[in-house]
Amino acid sequence: MTNPVQPDEWLKRLEARSRAKQETFMDGIAAKLGRERVRTRPKHPFRGAPDFWKEFQLPIEDRIRQFTANFEAAGGHVVRVKNRAEASTFIVDKASEMSAGSILINDEVELSTLNLASSLPDAIVRSWNEDQDENWRAVASRSDIGIVMADYAAAYTGSLVVTSSPAKGRSVSLLPTVLMAIVPVDRMVTRLGEILVRFDEAGREQLPAGIHFISGPSRSADIENDLTIGVHGPGIVFAILVDDDSDA
Amino acid sequence: MKISLFVTCLSDALFPRAAESMTRLLAKYGVKLEFPDIQTCCGQPAFNSGYWDDARTSARTILDAFEDSDFVVAPSGSCTYMIHHYSELFKGDAEYLEKAKALQSKVYEFSQFLVDVMGISDVGAYFPYKVTYHPSCHGSRLLGIKDEPIRLLNGVKGLELVPLPYAEDCCGFGGTFAVKMADISGAMVTEKSDHVLETEAEVLVGLDMACLLNIAGNLRHRGEKVRVMHLAELLYEGVSVHERG
Amino acid sequence: MSAAEKGQTVKERARDALGNDFLRSAVRFTTERLRLGKKLAAEEHGNWDDWRERGRQIRLHTIAHLDYYLNEFAENARANGAHVHFADTAEEAVAISLEIAKHASAKSVVKSKSMVSEELHLNQALDSIGVEAIETDLGEYIIQLANETPSHIIIPAIHKNRHQIAGLLSREAGEDLPADTAVLAGFVRTKLREKFLAADIGMTGCNFAIAETGSMVLFENEGNARMVTTVPKTQITLMGMERIIPSWSDLEVMATLLPRSATGQKLTVYMSGITGPRREQDADGPDQMHIIIIDNGRSLQLGDPEFQELLNCIRCGACLNACPVYRHIGGHAYGGTYSGPIGAVLTPALKKNVAEWDDIANASSLCGACYEACPVKIPLHDMLVYLRRRKVEAGRGNKAETLGMKGFSVVMGNAKRYRNVVRLGKLGQKLVVRNGEIRARIGPLKGWNTYRVTPELPKDSFRDRWSKVEQELYSESAPMNPEVADRLSKLMDQRKNGGHGQ
Numbered sequence: 001m002t003n004p005v006q007p008d009e010w011l012k013r014l015e016a017r018s019r020a021k022q023e024t025f026m027d028g029i030a031a032k033l034g035r036e037r038v039r040t041r042p043k044h045p046f047r048g049a050p051d052f053w054k055e056f057q058l059p060i061e062d063r064i065r066q067f068t069a070n071f072e073a074a075g076g077h078v079v080r081v082k083n084r085a086e087a088s089t090f091i092v093d094k095a096s097e098m099s100a101g102s103i104l105i106n107d108e109v110e111l112s113t114l115n116l117a118s119s120l121p122d123a124i125v126r127s128w129n130e131d132q133d134e135n136w137r138a139v140a141s142r143s144d145i146g147i148v149m150a151d152y153a154a155a156y157t158g159s160l161v162v163t164s165s166p167a168k169g170r171s172v173s174l175l176p177t178v179l180m181a182i183v184p185v186d187r188m189v190t191r192l193g194e195i196l197v198r199f200d201e202a203g204r205e206q207l208p209a210g211i212h213f214i215s216g217p218s219r220s221a222d223i224e225n226d227l228t229i230g231v232h233g234p235g236i237v238f239a240i241l242v243d244d245d246s247d248a
Numbered sequence: 001m002k003i004s005l006f007v008t009c010l011s012d013a014l015f016p017r018a019a020e021s022m023t024r025l026l027a028k029y030g031v032k033l034e035f036p037d038i039q040t041c042c043g044q045p046a047f048n049s050g051y052w053d054d055a056r057t058s059a060r061t062i063l064d065a066f067e068d069s070d071f072v073v074a075p076s077g078s079c080t081y082m083i084h085h086y087s088e089l090f091k092g093d094a095e096y097l098e099k100a101k102a103l104q105s106k107v108y109e110f111s112q113f114l115v116d117v118m119g120i121s122d123v124g125a126y127f128p129y130k131v132t133y134h135p136s137c138h139g140s141r142l143l144g145i146k147d148e149p150i151r152l153l154n155g156v157k158g159l160e161l162v163p164l165p166y167a168e169d170c171c172g173f174g175g176t177f178a179v180k181m182a183d184i185s186g187a188m189v190t191e192k193s194d195h196v197l198e199t200e201a202e203v204l205v206g207l208d209m210a211c212l213l214n215i216a217g218n219l220r221h222r223g224e225k226v227r228v229m230h231l232a233e234l235l236y237e238g239v240s241v242h243e244r245g
Numbered sequence: 001m002s003a004a005e006k007g008q009t010v011k012e013r014a015r016d017a018l019g020n021d022f023l024r025s026a027v028r029f030t031t032e033r034l035r036l037g038k039k040l041a042a043e044e045h046g047n048w049d050d051w052r053e054r055g056r057q058i059r060l061h062t063i064a065h066l067d068y069y070l071n072e073f074a075e076n077a078r079a080n081g082a083h084v085h086f087a088d089t090a091e092e093a094v095a096i097s098l099e100i101a102k103h104a105s106a107k108s109v110v111k112s113k114s115m116v117s118e119e120l121h122l123n124q125a126l127d128s129i130g131v132e133a134i135e136t137d138l139g140e141y142i143i144q145l146a147n148e149t150p151s152h153i154i155i156p157a158i159h160k161n162r163h164q165i166a167g168l169l170s171r172e173a174g175e176d177l178p179a180d181t182a183v184l185a186g187f188v189r190t191k192l193r194e195k196f197l198a199a200d201i202g203m204t205g206c207n208f209a210i211a212e213t214g215s216m217v218l219f220e221n222e223g224n225a226r227m228v229t230t231v232p233k234t235q236i237t238l239m240g241m242e243r244i245i246p247s248w249s250d251l252e253v254m255a256t257l258l259p260r261s262a263t264g265q266k267l268t269v270y271m272s273g274i275t276g277p278r279r280e281q282d283a284d285g286p287d288q289m290h291i292i293i294i295d296n297g298r299s300l301q302l303g304d305p306e307f308q309e310l311l312n313c314i315r316c317g318a319c320l321n322a323c324p325v326y327r328h329i330g331g332h333a334y335g336g337t338y339s340g341p342i343g344a345v346l347t348p349a350l351k352k353n354v355a356e357w358d359d360i361a362n363a364s365s366l367c368g369a370c371y372e373a374c375p376v377k378i379p380l381h382d383m384l385v386y387l388r389r390r391k392v393e394a395g396r397g398n399k400a401e402t403l404g405m406k407g408f409s410v411v412m413g414n415a416k417r418y419r420n421v422v423r424l425g426k427l428g429q430k431l432v433v434r435n436g437e438i439r440a441r442i443g444p445l446k447g448w449n450t451y452r453v454t455p456e457l458p459k460d461s462f463r464d465r466w467s468k469v470e471q472e473l474y475s476e477s478a479p480m481n482p483e484v485a486d487r488l489s490k491l492m493d494q495r496k497n498g499g500h501g502q
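Residue numbers (UniProt numbering), protein chains in the order written: chain A, 1 to 248; chain B, 1 to 245; chain C, 1 to 502.
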């Protein structure tokens with residue numbers, strides 16, 4: 001290993017070793033279980049939640065109420081606005097109130113229509129990955145506020161979901177001091193399972209590299225059970241629920 | 001109908017009043033117990049310590065004793081639960097495995113037998129004291145005896161039932177555990193007694209003499225006067241006093 | 001070095017712990033907070049036993065078909081672009097990790113909480129090749145600064161108070177920090193943020209691995225696991241071979257059980273599903289992702305009817321919080337990576353049940369609180385008995401106890417002998433009974449009587465009194481109460497017709 005080896009060559013060697021080992025590993029498991037290798041998908045009679053749970057659905061207003069209660073109980077903030085214009089006003093007001101100097105937004109159409117840069121002339125407002133040469137992780141770490149669209153939200157656990165893509169950085173919901181997530185209410189479901197099952201349906205090839213469920217501000221109770229907020233991730237988290245998320 | 005008494009060695013040798021009170025209380029309902037004297041110990045001390053051969057020797061006396069019984073009743077949840085281990089213990093012995101399965105389906109702990117089988121939850125007792133109840137682990141957790149003793153105690157006139165804080169926590173007995181890990185067991189029983197004393201109850205009642213031996217022993221060691229009784233003793237005493245008026 | 005490796009016995013370790021009042025009150029406070037949280041969360045969610053059973057069934061099914069699901073996971077993870085490795089032993093896993101670190105020319109590794117990594121003693125190994133390993137979970141970071149091991153699966157620094165923590169962090173800061181949680185946590189945030197941004201490798205454990213999509217799932221509250229999987233260029237996931245579940249749908253059940261059982265939360269603040277390294281156009285996430293699948297004694301449980309269910313464990317720590325023994329002695333007294341009831345079973349089991357002939361399996365009153373707390377219903381209290389039995393069967397039982405049990409068997413095998421021994425006891429106790437009690441700390445009563453007094457054997461045993469009782473009660477043949485008689489007959493009929501009778 002002291003000889004310089006091309007990384008690709010090294011990885012290929014690792015893979016060959018891994019594939020050989022995989023066979024003996026699986027054979028070993030089958031032998032210990034006292035049977036032949038199982039090579040076709042076994043029937044899984046207990047897949048997912050119990051049936052009574054899969055039928056559980058709340059009407060939208062109840063979902064919103066439950067999400068709000070859970071998210072706030074976890075230390076998050078929830079505001080509800082009518083449309084994107086109101087969302088923009090809320091964000092601008094908050095950013096001014098907190099004297100935010102730098103804001104990082106995911107590069108999504110919905111977020112660009114908030115016109116934050118023009119409404120906050122004193123702040124540096126940047127869009128994720130707008131410039132390929134930038135170290136975006138470092139930018140995110142220096143940002144006061146990260147703003148994202150939630151892909152989904154689940155009322156029962158008070159969780160919002162963000163997924164990664166070239167335009168949507170994992171860092172945006174993680175590294176800034178404050179996180180603001182816009183949640184169009186029609187993306188809010190009752191249970192976690194309603195969201196999870198979509199990942200099964202989408203299949204491996206369609207999954208983003210990062211899927212993150214966020215249920216409040218970063219927290220820890222590791223020092224004498226004393227609750228601390230913002231230990232690594234954002235300590236202040238807003239879920240901005242938007243009733244009508246159309247462009248109008 | 002043959003209803004048998006599974007006395008348990010601890011009640012037989014050290015606390016005969018528990019088994020006797022149970023016998024006398026059941027007699028009030030015309031339930032006559034039969035006592036096969038070939039029974040010894042359920043084998044739990046050896047079983048739990050890993051000495052299954054030794055446990056089997058003793059468990060066989062129980063299986064033989066109750067072979068012909070229709071119902072078996074015992075003043076202990078823990079010894080009753082031990083019977084549930086017999087199918088495992090006699091896995092390799094067809095004859096006794098059969099007996100083990102049969103016994104498991106007909107053995108009951110005292111309060112279970114009284115409430116669930118006989119359908120009695122008010123024995124007509126009078127017992128004007130402040131009482132707290134310790135639910136023993138095997139009976140409550142593993143046999144699921146939770147409501148039965150509470151219903152019986154609620155049926156006693158004059159009795160004030162005060163909840164025991166952290167009632168479900170083990171008293172620290174654990175058979176040979178109390179001897180082998182004496183310091184840990186000692187810490188556990190001390191905490192249990194603390195909770196008993198916190199209630200300011202005059203009487204501590206339970207369903208297992210082993211746990212009660214442990215807690216009472218610690219309370220006496222500390223010079224505390226709390227009276228410690230098996231539920232059958234309390235009920236029978238309450239019935240006798242009531243009848244005397 | 002763990003306490004067990006120092007050659008201390010369980011009893012010695014327990015005695016140390018019992019003499020540490022801060023430890024005991026801290027452990028009691030924390031476990032009570034967590035178990036109350038769990039109880040309330042389970043009640044609020046409802047149908048808890050149905051959920052536990054569902055969780056158990058999913059885990060049973062997966063482990064019973066582990067070769068299929070693990071293979072499927074490995075294939076899918078590779079298709080996602082991850083590099084998958086298999087390690088039979090801790091040493092192999094360490095060797096693979098070091099090889100990756102060398103190829104990444106790594107100077108530092110940031111780690112999120114991983115019990116598997118504790119099994120491997122990986123930090124020392126990385127240190128030996130000049131790579132700095134930094135634990136980033138707040139509790140783990142504190143423990144690392146103290147050069148200790150975690151004492152709880154979920155709250156690793158349960159045994160440290162804020163003044164001790166302030167001392168450790170002040171040393172790191174080079175200035176005196178007040179013992180104030182917000183200040184201390186703020187210092188750690190700033191300090192570790194630099195470490196995250198500078199690290200070459202991020203290393204995580206794995207709560208669940210989803211076979212059908214090759215994804216791995218992490219549960220956490222602080223965000224450090226997200227940091228570790230987002231910021232560094234290379235990521236290594238250490239994964240016990242049993243962490244598999246078939247699908248995302250199954251994750252709903254695990255996500256329902258795990259956080260509620262661990263802390264009483266409906267969900268941890270972050271639940272992240274990572275599917276391969278970053279996509280080509282993504283601006284964050286690792287360039288290279290390695291998943292090391294580790295056996296290290298786990299497969300020894302496969303096909304063992306008494307211990308296979310051990311692999312169902314989802315590492316929630318609920319059994320620790322419910323355990324009355326853990327509450328008094330804390331985690332370190334268990335002497336292994338895993339503590340509490342799960343540790344008492346897992347530690348010897350991972351070593352084929354024989355290498356670790358420590359007495360740890362005896363440090364339990366078999367109260368069953370662990371089983372009742374377990375979200376996937378692992379019968380830990382039974383497993384402790386199996387461990388004890390295997391030790392005895394292997395001829396490694398305590399000599400005095402073996403002799404005692406032989407005596408037990410001789411006496412209890414025959415009612416006459418038993419009766420005679422009780423009579424003999426009544427004679428013998430005359431030497432030690434004072435006022436109806438035995439207080440002397442002698443023989444087997446030594447430890448017992450340190451905390452208790454023992455009552456004397458009564459004049460007559462129950463069987464001595466039986467004929468008198470029988471005669472008094474049953475001489476007149478009173479009939480059975482008709483309602484009672486009716487209920488009993490009905491029960492007997494049910495039993496005959498295949499009913500349970502109970």
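By construction, the Cβ of each residue, glycine as well, lies at the ideal position given by its N, Cα and C atoms.
Endpoints, the alpha helix (DSSP H) within which residue i is located
{"i": "Gln288/C", "result": "Element bounds for Gln288/C: not the alpha helix (DSSP H) but the beta strand (DSSP E), Gln288 to Ile294."}
{"i": "Ser235/C", "result": "This sequence places Gln at residue 235/C; Ser is not what is there. Unbroken run through Gln235/C is the beta strand (DSSP E), Thr234 to Gly240; no alpha helix (DSSP H)."}
Test item: CB-CB of residue i and residue j under 7 Å
{"i": "Thr229/C", "j": "Gly202/C", "result": "yes"}
{"i": "Cys206/C", "j": "Met227/C", "result": "no"}
{"i": "Ala100/A", "j": "Ala85/A", "result": "no"}
{"i": "Ser4/B", "j": "Val72/B", "result": "yes"}
{"i": "Ile182/A", "j": "Ile145/A", "result": "no"}
{"i": "Ile195/A", "j": "Val172/A", "result": "no"}
{"i": "His332/C", "j": "His83/C", "result": "no"}
Limits of the beta strand (DSSP E) - the one that residue i falls within
{"i": "Phe71/B", "result": "Phe71 to Ala74"}
{"i": "Gly139/C", "result": "It is not in any beta strand (DSSP E) - Gly139/C instead sits in the alpha helix (DSSP H) that spans Leu138 to Leu145."}
{"i": "Arg159/A", "result": "In the sequence as displayed, the identity of residue 159/A is Ser instead of Arg. Taken as a continuous stretch (DSSP letters only), the beta strand (DSSP E) holding Ser159/A covers Ser159 to Thr163."}
Same chain, Cβ closer than 7 Å to residue i, neighbours up to 5 away in sequence not counted
{"i": "Gly501/C", "result": "Note that Gly501/C scores a pLDDT of 46, beneath 50, so its modelled location is shaky and nothing firm can be said."}
{"i": "His232/A", "result": "Ser218"}
Per DSSP, cross-strand counterpart(s) of residue i
{"i": "Asn83/A", "result": "Asp244/A"}
Residue i Cβ short of 6 Å to the ligand MG heavy atom set
{"i": "Ala140/A", "result": "Absence of the ligand MG from the depicted structure is noted, as is the absence of any ligand whatsoever, leaving it without description."}
Nonlocal neighbours in the same chain, by C-beta distance under 8 Å from residue i, ignoring five residues either side
{"i": "Leu40/C", "result": "Gly264"}
{"i": "Leu18/C", "result": "Arg24, His328 and Ile329"}
{"i": "Glu160/B", "result": "Tyr129, Lys130 and Val131"}
Nonlocal neighbours in the same chain, by C-beta distance under 6 Å from residue i, ignoring five residues either side
{"i": "Met405/C", "result": "none"}
{"i": "Val110/C", "result": "Ile134, Thr136, Lys195, Phe196, Ala199, Gly202 and Val228"}
{"i": "Ile236/A", "result": "Val178"}
{"i": "Ile293/C", "result": "Phe86, Met239 and Met241"}
Taking a Cβ distance cut-off of 8 Å, strictly less, list which residues of the segment 161-192 of chain C are near chain A, in chain order. Asn161, Arg162, Ile165, Thr181, Ala182, Leu184, Ala185, Val188, Arg189 and Leu192
For the segment 8-34 of chain B, which residues have a beta carbon sitting closer than 7 Å to at least one beta carbon of chain C? Ser11, Asp12, Ala13, Leu14, Pro16, Ala19, Glu20, Thr23, Arg24, Ala27, Tyr29, Gly30, Val31 and Lys32
Note down, in chain order, all residues in the segment 131-146 of chain B with a beta-carbon under 8 Å from any beta-carbon belonging to chain C. Cys137, His138, Arg141 and Leu142
Report the residues of the segment 18-38 of chain A with a CB closer than 7 Å to any CB of chain C, ordered along the chain. Ser18, Lys21, Gln22, Phe25, Met26, Gly28, Ile29, Ala30, Lys32, Leu33, Gly34, Arg37 and Val38
Quick one: which residues of the segment 169-189 of chain A get their C-beta closer than 7 Å to a C-beta of chain C? List them in chain order. Gly169, Arg170, Ser171 and Leu174
Quick one, which residues of the segment 49-60 of chain A are near chain C if we go by CB-CB under 7 Å, in chain order? Ala49 and Pro50
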